[in-house]
Amino acid sequence: MLRGRHVRTGGKPALVWLMVAMTVNSIGSKISLLAIPWLVLVTTGSPVKMGLVGLAQTLPYVIVGVLGSPLVGRYGVRKMVIHNDTASAVLVALIAMFAQFDFTLLLVLSALVGSVQGVGDKAKRMLVQPIVEGAGASLPRMVAVFTGSERANTVVGAAIGGLVIAWIGPTGAIWINAISYALSALMIVAFVRMPRSVEEADAKPAPEPYTRALARGFSFLREDKLLSRIVGMMFMTNMFNQASGAVLVPLWVMHQFNSPVALGWVASSLALGAVLGNVAFIGLIKRLPRYLTFVLGYVLGGSPRFLVLGLTDDIRVVLAVTFLAGVAGSVINPVYGALLFERVPRAMQPRVFGLTGAMTFGGIPLGGLVGAWLVQGFGLDWSLILAGLGFLTITMSPIIGYRVWKQMDAPPLDPARPDQRHAPPPLPDWIESLGLLAQRKLPLAVTGVLQAPIVVTLSYWDGVWTVEAYQGRHRVAEPAPISAAKVLQTVKVLDLPEIYESVELIHNADTAAIESRIKRLRDELAIHDRIYRGYP
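In this note's numbering, the protein residues as written are 1 to 536.
Set out below in structure tokens:
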């Protein structure tokens, strides 16, 4: 049987073409990210409707990202990327053609775009690792490169986005996004192939029920305390970021300058700082301590962006602070991305990556509404200040919950040793004191320190005492035998007379039974000895 010949693009060319495709798509998306809120603002003048559009797109994004994650592993990563980029191109083109005439239609199309991208973005993330490994490149370094490329795309997209909107209008800018999706799909179809080893491993995947695959992803994420803490904090910070990008910053620019060009300046300054910081971080990614880098990135790269807008109207100061915040925040995604690839086995990545992505983006649907609510309730300046203080409070979580978060500095985990995910380093006294103070003064959502109580179970069966310990649903100490004397000593310290008496009765009964058995054995030995010696 003759087969048609085709050009197979793998190795380093596939990696280059993947970066090009993602760059083209990302720049178009960043232009659209400015164009759609500006379109709503100039056509309706309503911050609430700006928030509703953001909700319409991001809520389906989150829901489908969770429910659709097992489908990526079932139908193939590359195939899902191609199909979702193609569908996104069609839907964004429909927004450009019809959405300006009907706000309800804009909401519907935005929801469809969010649904498609909820799966597509997760598939693109999972496409990176096999292509990088097929090219023989360093995964942590390439994660930083892809993150830096994303930041650079934000600079370019934000810089030209304001100019494009001013030149051809927001509708024309949305058309550019539709074209970028189509080009991305074509490049991946033509030039990006999965490595043969991955194709052979995935050629006949073991069938797994959809609900079981979804449940396994939830179970894995729940058991990894570090990843679950990171996801929880990113949920909150992304909510504030969305409030800023979708409502607060466009309103500030509208009030101060009434120009989409200034909106592009603010977005570009943040992205330019992120690009330069990311370039510097690529060379230092294996040298810097991840925990300290991650904490400083969030503290310095988050709240200052909000506070400066609420405290000054000097565009030079705003651009300078925003630029520095971008430099500081550039370290967050490389650290988080490297942790995901290191802590999640490849077989679990379709499930876990979809869940983590959807959950970290879970705050985004609320962000636009929170921003609109703050503006209506407190005014623009106070809304920016309150958002900055809220962001700062959330970013204290890694400091207060040091015991779990310091696992970032641990060496990469062995996928065959899932128990390593529950081995945090010792906690310094000053951190523990700070954590205890925070438990009394701050809510659980902020501290992340409170944990389920440890329950120690003492069991007795057939003369053997056994002790084991659980924290919530997780076993923290395997069943182990313990001597009766140790049991008595431990129970006595607890000052529980009734329990001590019960344990003592069992112990005395065991002792009497052992003594009786010893006496019986001695008598039997004496009889055998007399028979052996020939005595009557």
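Yeah, the Cβ is synthetic: ideal placement off N, Cα and C, and Gly gets one too.
Candidates the options: closest to residue i by CA position
i           : options            : result
residue 349 : 124, 483, 488      : 124
residue 26  : 146, 12, 61, 14    : 146
residue 358 : 46, 121, 45        : 121
residue 371 : 251, 39, 88, 180   : 251
residue 92  : 179, 134, 244      : 179
residue 63  : 118, 288, 45       : 118
residue 83  : 184, 128, 31, 28   : 184
residue 254 : 14, 219, 322, 380  : 380
residue 28  : 45, 177, 406       : 177
residue 85  : 116, 249, 109      : 116
residue 16  : 135, 104, 400, 58  : 135
residue 342 : 224, 309, 277, 398 : 224
residue 340 : 397, 277, 229      : 229
residue 299 : 320, 279, 281, 330 : 330
Cβ shell of residue i (< 7 Å), same chain only, five flanking positions each side left out
i           : result
residue 519 : none
residue 43  : 100
residue 504 : 488
residue 324 : 273
residue 366 : 239
residue 514 : none
residue 234 : 360
Contacts around residue i, its chain only, beta-carbon distance under 8 Å, and the 5 residues preceding and following it disregarded
i           : result
residue 430 : Note on residue 430: pLDDT 47, under 50, position unreliable in the model; no value is reported.
residue 130 : 77, 194, 195, 198
residue 335 : 290, 293, 294, 297, 408
residue 468 : 456, 457, 459, 475, 477, 478, 479, 480
residue 128 : 18, 142, 143, 146
residue 13  : 191
residue 313 : 256
residue 49  : 40, 103
Cβ distance (whole Å) where residue i is taken to contact residue j below 8 Å
i           : j           : result
residue 246 : residue 37  : 6 Å
residue 326 : residue 301 : 7 Å
residue 188 : residue 21  : 5 Å
residue 481 : residue 464 : 6 Å
residue 458 : residue 192 : Not really, about 59 Å apart at Cβ, beyond 8 Å.
residue 242 : residue 364 : 4 Å
residue 322 : residue 305 : 6 Å
Nonlocal neighbours in the same chain, by C-beta distance under 6 Å from residue i, ignoring five residues either side
i           : result
residue 344 : 352
residue 111 : 56, 60
residue 231 : 356, 359, 360
residue 203 : Its pLDDT being 46, under 50, residue 203 is placed unreliably in this model, and the coordinates cannot settle the point.
residue 182 : 89
residue 133 : none
residue 24  : 180, 183, 184
residue 3   : Here the model assigns residue 3 a pLDDT of 41, short of 50, so the residue's position is not dependable, and the following value carries that caveat. None.
residue 303 : 388, 391, 392
For residue i: DSSP bridge partner residues
i           : result
residue 482 : 465
residue 457 : 468
residue 477 : 469
For the 8 Å Cβ check, are there 3 or more pairs between the stretch 166–186 and the stretch 270–283? no
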